[in-house]
Amino acid sequence: MHRLTFSTTIHAPKEKIWRVMLDDAGFREWTSAFQPGSYAVTDWKEGSKALFLTPEGEGMVSKIVTHRPQEFLSIQHLGVVKNGVEDTTSEAVRTWAGALENYTPREVPGGGATLTIHMDTADEYKAYFEETWPKALEKLKEIAER
Numbered sequence: 001m002h003r004l005t006f007s008t009t010i011h012a013p014k015e016k017i018w019r020v021m022l023d024d025a026g027f028r029e030w031t032s033a034f035q036p037g038s039y040a041v042t043d044w045k046e047g048s049k050a051l052f053l054t055p056e057g058e059g060m061v062s063k064i065v066t067h068r069p070q071e072f073l074s075i076q077h078l079g080v081v082k083n084g085v086e087d088t089t090s091e092a093v094r095t096w097a098g099a100l101e102n103y104t105p106r107e108v109p110g111g112g113a114t115l116t117i118h119m120d121t122a123d124e125y126k127a128y129f130e131e132t133w134p135k136a137l138e139k140l141k142e143i144a145e146r
């Protein structure tokens with residue numbers, strides 16, 4: 001498992017960054033860098049289930065571990081959703097189940113915030129995330145700075 005770190009400075013208040021990051025419309029827009037049409041099914045509350053899905057309804061099943069609005073969000077990825085079935089126990093899933101994805105915004109002098117993402121990933125997804133996360137963060141920055 002690899003720990004990857006990505007960050008960007010966004011010239012917008014933390015509250016707006018958080019809203020854009022998690023509200024349905026903003027989430028759909030910035031995460032299109034990973035998969036056009038992707039969306040989340042969750043209430044973002046600690047302990048809640050979260051489904052991160054493609055337009056076809058396939059994707060990830062996860063859990064919101066910690067959510068302190070505008071301060072810290074931790075998501076634990078538990079498995080996949082395929083053909084409408086959640087898989088959290090297969091051999092393929094066990095290699096990365098439990099991986100964390102953490103979001104931390106920090107205010108910067110002069111306004112705005114640096115948003116840092118730390119995420120765990122398996123070897124086979126490392127190159128994909130190294131390519132797509134910078135694009136997703138650029139899109140999130142663009143939306144929040146509007």
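For the sequence shown, the residue numbers in the working numbering are 1 to 146. Glycine included, each C-beta is placed from N, C-alpha and C at the ideal position.
I'd like the list of long-range same chain contacts for residue i, defined as Cβ closer than 6 Å, with 5 residues on each side in sequence excluded.
| i | result |
| --- | --- |
| A144 | I10, A12, K16, I17 and V20 |
| T116 | S7 and T104 |
| T5 | H118 |
| T42 | S48 and A50 |
Determine the extent of the alpha helix (DSSP H) in which residue i is found, giving its start and end residues.
| i | result |
| --- | --- |
| R146 | Counting along the chain, R146 falls outside any alpha helix (DSSP H), and DSSP gives it neither H nor E. |
| F52 | Counting along the chain, F52 falls outside any alpha helix (DSSP H), though it belongs to the beta strand (DSSP E) covering K49 to L53. |
| A25 | D24 to W30 |
Starting from residue i, trace the beta strand (DSSP E) in both directions and tell me its first and last residue.
| i | result |
| --- | --- |
| F6 | H2 to I10 |
| A40 | Y39 to V41 |
By Cβ distance below 7 Å, which residues in the same chain neighbour residue i in space, the five residues on each side in sequence not counted?
| i | result |
| --- | --- |
| A122 | M1, T95 and W96 |
| K14 | Q70, P105, E107 and A113 |
| Q35 | T54 |
| K45 | I64 and H67 |
Among residues of its own chain, excluding the 5 on either side of residue i, which ones have a beta-carbon nearer than 8 Å to its beta-carbon?
| i | result |
| --- | --- |
| V81 | L51, L53, G57, E58, G59, M60, V61 and D87 |
| K63 | G47, S48, K49, A50, I75, Q76 and L78 |
| F72 | T66, N102, Y103 and T104 |
Give a yes or no on whether 8 Å exceeds the smallest Cβ distance from residue i to chain D.
| i | result |
| --- | --- |
| E145 | Included in the structure is just one protein chain, with no chain D present. |
| query | Residue ranges of each beta strand (DSSP E) run of no fewer than 3 residues wholly in the stretch 61–130, ordered along the chain? | reply | 72–82, 85–87, 99–107 and 113–121
| request: Determine, using beta-carbon pairs with one atom in the stretch 104–114 and one in the stretch 82–90, whether at least three such pairs fall under 8 Å. | output: no
| task | Check whether the stretch 92–107 touches the stretch 130–140, counting contact only when three or more Cβ pairs, one atom from each stretch, lie closer than 8 Å. | result | no
| query | Using 8 Å as the threshold, is the stretch 117–131 in touch with the stretch 23–31, meaning 3 or more CB pairs across them? | reply | no
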